[in-house]
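Chains as they are written, first to last, in our numbering: chain D, 3 to 199; chain U, 3 to 199.
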C-alpha cells in the first residue's frame, strides 16, 4: 500500500494541477502510466524537452524551437502582420492555409479585471516592428470575446497614427467563441472576408 | 511556429496515449504546461520517481515503494487475507477504514476472451501464502462484474480444499460496477455484511 507521501500520490498531485483533471482522473492516469513504464519515460522526456527547447520567438513571440521562428525566417509576405492573442490562435489560422503573411503574438488580451493592461501585452514590440519594417497592413485576429474586442479597439487606437491599413477578421466566427476551436473552413472564410476597422 | 516534428507535438503525442485524452485536450494540456515551466519540471520528475520507486510488493503484489509494503510489514490481522483485482481496489477498501487484515492483489481477473487465464493471476502465490501462514479467512473482493464473479468462483474452487473460511463482500455494491468508484460508506457496509461463499 502507498501512503499519502508516496511518489505516486505526488504524481497524482501534479496531474491534478492540469486543467479539467480532478482527483479521480489523476489517479486513473497515474495507474495507467504505472502499467506502461515506457510511456511514462517517454512522457517525462517529452516534458523536459519541451521545457528546454520551446520559447517565444524574439521577433513575433510565437512559441518556437528556433531563433527566429520558421514563419519569421521563412518566405512570407512581410507587408502584412496578423496580430493574435496566443500561439494556439496562430496555429488555428495556419491550419486554414489561407494566410501567408507574418504574425505577432500579444501573449494575452486586455483584461483589467485580471490586472492585464496594455503594458502586459507585446504592443510596444508590435509598434516597433511596424515602424522598422515595410508593413502595409495589420490584421487584428484577437478573439471575438469582450476582452478580445476591447484589445482590437485599443490596438486600432494605437496603430491609427501610423500609415497602414488596419483590418479585422470577418464576422464569420461566432461571437463569444475562441478562434482556437473553430474549424479550418470557417477560419478560411473569415480570413477572406476580413473588413476594415 | 512549431512544425509537426517539434518537441511540443511529441509531447501532445505522448499525452494522447493517456486514457480519455484526445488531440484537442492533449494540445490544451501541453499549452497549459508550457505556461507553467515549474509544473512541467515537477511532473517530469514525478513521473521518473514513480517509474524508479513504485513496484509490486513481493508478498501481496500491491504497488509499494518499500519491501514488503506497509500493510504486509504493519501490525495487521494476519489471520485474514482480502483478495482484490488490483491496487486501486485495495485503496478503495482502505479508504473505508473497516478492514484490518492483509491483502493479496491478483493483478487482474479471469478473462478468457482477453487471454487472461488463472496462470496470469497471482493465484499460486495466494495458495502458497495461505499454506505458509496462519490464515483463517479469505475475503474475496474481486469486482461484481462477470469476470470478477467468475474469478471469485474459481478462487472458491481452488481454496475450498484448504481448511479456511471463504467469504465475499456483501451485495451492497451495485452489480456491474467497479469497487474503485464506490463511495467509502457503501464499501464499509459491504465489508460488514460480507457473506459466506
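Just so it is clear, CB atoms sit at the ideal spot from N, CA and C, and this is done for glycine as well.
Query	Result
Proximity of residue 195 of chain D and residue 147 of chain D at Cβ, strictly below 8 angstroms	no
Cβ-Cβ distance between residue 108 of chain D and residue 143 of chain D below 8 angstroms	no
Anticipated Cβ contact below 8 angstroms, residue 48 of chain D with residue 113 of chain U, distance rounded	Their Cβ separation, rounded to whole angstroms, is 32 angstroms, which puts residue 48 of chain D and residue 113 of chain U out of contact at 8 angstroms.
Contacts that residue 51 of chain D makes with chain U (C-beta to C-beta distance below 8 angstroms)	9, 12, 13
Closest residue to residue 64 of chain D among U:60, U:37, U:55, U:72 (Cα-Cα distance)	U:37
Proximal residues of chain U, C-beta to C-beta of residue 39 of chain D below 7 angstroms	53
Assumed close pair residue 175 of chain D, residue 181 of chain D - CB separation to whole angstroms, cut-off 8 angstroms	6 angstroms
Contact with chain U by residue 102 of chain D, beta-carbon distance below 8 angstroms	no
Simplified DSSP assignment, three categories, for residue 165 of chain D	coil
Under 9 angstroms from the C-beta of residue 90 of chain D: neighbouring residues of chain U	29, 30, 33
Chain U within 8 angstroms of residue 60 of chain D, Cβ atoms only	no
Proximal residues of chain D, C-beta to C-beta of residue 43 of chain U below 8 angstroms	49, 50, 53
Pairwise C-alpha distance: residue 55 of chain U and residue 40 of chain U	22 angstroms
Residue closest to residue 188 of chain D, alpha-carbon to alpha-carbon, out of D:83, D:133, D:94	D:94
For residue 171 of chain D, the three-state DSSP class (helix, strand or coil)	coil
Residue-level contact to chain D via CB, residue 154 of chain U, 8 angstroms cutoff	no
Within chain U, partners of residue 19 of chain D - CB distance below 7 angstroms	41
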